[in-house]
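Asks: Just so we're aligned, residue 377 is where the sequence shown starts under my numbering, counting upward by one.
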Amino acid sequence: MKTIITTLLVHIQIQYYIICYLMTLLLSKDFMPKDDIPISKGYHHLKVDNLPIIEVLVKFDYQKLIADYQKENGKALKPIRRHKNSKNKVPESVTCPRCGAPHVYLYDNTDGRGQYLCKVCNTNFNDKNRFSKTVIFKCPHYSRTLDRIKERKDFYIYKCRNDDCSFYLKNLRTI
377 MKTIITTLLV HIQIQYYIIC YLMTLLLSKD FMPKDDIPIS KGYHHLKVDN LPIIEVLVKF
437 DYQKLIADYQ KENGKALKPI RRHKNSKNKV PESVTCPRCG APHVYLYDNT DGRGQYLCKV
497 CNTNFNDKNR FSKTVIFKCP HYSRTLDRIK ERKDFYIYKC RNDDCSFYLK NLRTI
């Protein structure tokens with residue numbers, strides 16, 4: 377019984393080599409089995425990206441900034457003069473998120489499309505998302521602001537605004 381099994385196994389192996397040879401002739405590809413010799417490849421050295429520049433937005437007091445301006449320049453910082461018949465006025469409810477300046481010190485920066493500029497602290501902000509940023513991530517290579525390009529369940533992915541830069545940041549969501 378043992379000899380029959382070994383004879384059949386030898387015939388199967390011979391048939392396998394014949395099939396591989398015929399497939400090689402037919403398709404012009406090498407189907408012959410290759411020897412199992414391990415290949416030794418060297419590992420690449422581990423590269424770690426530079427960390428992003430983290431800029432924490434500091435809150436200011438607009439009254440103190442106006443007083444400092446008066447001491448430095450010898451005159452008071454005047455509120456913005458608006459034209460009487462201008463279409464776009466800054467709503468009275470809008471204040472600067474960084475220094476708390478009232479609407480009389482805010483420019484309508486984009487003709488009524490929602491972006492404002494504070495005359496006191498020179499901050500650009502949007503009425504819709506003005507309280508969402510407490511920290512700004514900047515690219516370590518170009519010092520440009522990183523844009524959030526993807527939101528996932530547990531993390532955000534940021535990318536540099538410069539098209540030539542390939543810097544990405546994967547930031548874990550902290551809720």
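All residues carry an ideal CB built from backbone N, CA and C; glycine is no exception. Here the structure is a predicted model, which means the values were calculated and not measured.
Quick check for students: name the residue ranges of the beta strand (DSSP E) that lie wholly in the stretch 386-445, counting only runs of 3 or more.
Replies: Runs of the beta strand (DSSP E) inside the stretch 386-445: 429-432.
Asks: Using a Cβ-Cβ cut-off of 6 Å (strictly less than) and excluding sequence neighbours within five positions of GLN446, which residues of its own chain qualify?
Replies: In the sequence shown, residue 446 corresponds to position 70, counting from 1. Excluding residues within five positions, the ones whose Cβ falls inside 6 Å are ALA452.
Asks: Would you mind working out which of LEU493, GLN391, LEU441, ILE429 sits nearest THR534, comparing C-alpha positions?
Replies: Counting from 1 along the sequence shown, the entry for residue 534 is found at position 158. One detail in the question is off: residue 534 reads as Tyr in this sequence, not Thr. Residue ILE429 is the option with its Cα nearest to TYR534.
Asks: Given PRO478, which residues of its chain have a CB within under 7 Å of its CB, disregarding the five upstream and five downstream residues?
Replies: Start at 1 with the first residue of the sequence shown, and residue 478 comes out as number 102. So the list reads THR471, once near-sequence residues are dropped.
Asks: From this set, LEU493, LEU522, LYS546, VAL480, which residue's C-alpha is nearest CYS536's C-alpha?
Replies: Taking the sequence shown and counting its residues from 1, one reaches residue 536 at position 160. Taking only the C-alpha atoms, the option nearest CYS536 is LEU522.
Asks: Do you know whose CA, among PHE513, TYR518, SER519, ARG474, lies nearest ASN500's CA?
Replies: For the purposes of this step, residue 500 is taken as residue 124 along the sequence shown, with counting starting at 1. The shortest C-alpha separation from ASN500 is found at ARG474.
Asks: In whole angstroms, what separates the C-alpha of SER469 from that of ASP444?
Replies: Numbered from its first residue, the sequence shown carries residue 469 at position 93. Numbered from its first residue, the sequence shown carries residue 444 at position 68. C-alpha separation (whole angstroms): 25 Å.
Asks: Can you tell me whether DSSP reads ILE533 as helix, strand or coil?
Replies: Working through the sequence shown from its first residue, we reach residue 533 at position 157. The answer is strand: DSSP assigns ILE533 an E or B state.
Asks: DSSP three-state label for TYR471, please.
Replies: Within the sequence shown, numbered from 1, the residue matching residue 471 stands at position 95. Going by the sequence as given, residue 471 is Thr instead of Tyr. Correct three-state label for THR471: coil.
Asks: Taking only three categories from DSSP, how would you classify TYR492?
Replies: One-based indexing of the sequence shown puts residue 492 at position 116. Strand at TYR492.
Asks: Check each candidate in ILE413, CYS541, GLY476 and name the one with the smallest Cα separation from ARG520.
Replies: Here the question's residue 520 lines up with position 144 in the sequence shown. Residue CYS541 is the option with its Cα nearest to ARG520.
Asks: If you reduce the DSSP assignment to three classes, tell me which class LEU324 lands in.
Replies: With the chain running from 377 to 551 in the structure shown, residue 324 is simply not present.
Asks: Mind checking LEU403: buried by the 16 CB within 10 Å criterion, or exposed?
Replies: Residue numbering aside, residue 403 sits at position 27 when the sequence shown is read from its first letter. Burial is judged here by how many other beta carbons sit within 10 angstroms of a residue's own beta carbon; LEU403 has fewer than 16 and is exposed.
Asks: Can you tell which of ILE525, LYS514, ARG528, ASP530 has the C-alpha that lies nearest to the C-alpha of VAL432?
Replies: Walking along the sequence shown from the start, residue 432 turns up at place 56. Nearest C-alpha to VAL432: LYS514.
Asks: Return helix, strand or coil for THR521, following the three-state DSSP convention.
Replies: As a working mapping, residue 521 is identified with position 145 in the sequence shown. Reduced to three states, the DSSP call for THR521 is strand.
Asks: Please say whether CYS494 and PHE436 have beta carbons closer to each other than 7 Å?
Replies: For the purposes of this step, residue 436 is taken as residue 60 along the sequence shown, with counting starting at 1. For the purposes of this step, residue 494 is taken as residue 118 along the sequence shown, with counting starting at 1. Cβ atoms of PHE436 and CYS494: not closer than 7 Å.
Asks: To the nearest angstrom, how far is the alpha carbon of ASN538 from that of CYS396?
Replies: Walking along the sequence shown from the start, residue 538 turns up at place 162. Walking along the sequence shown from the start, residue 396 turns up at place 20. Their Cα atoms are separated by approximately 54 Å.
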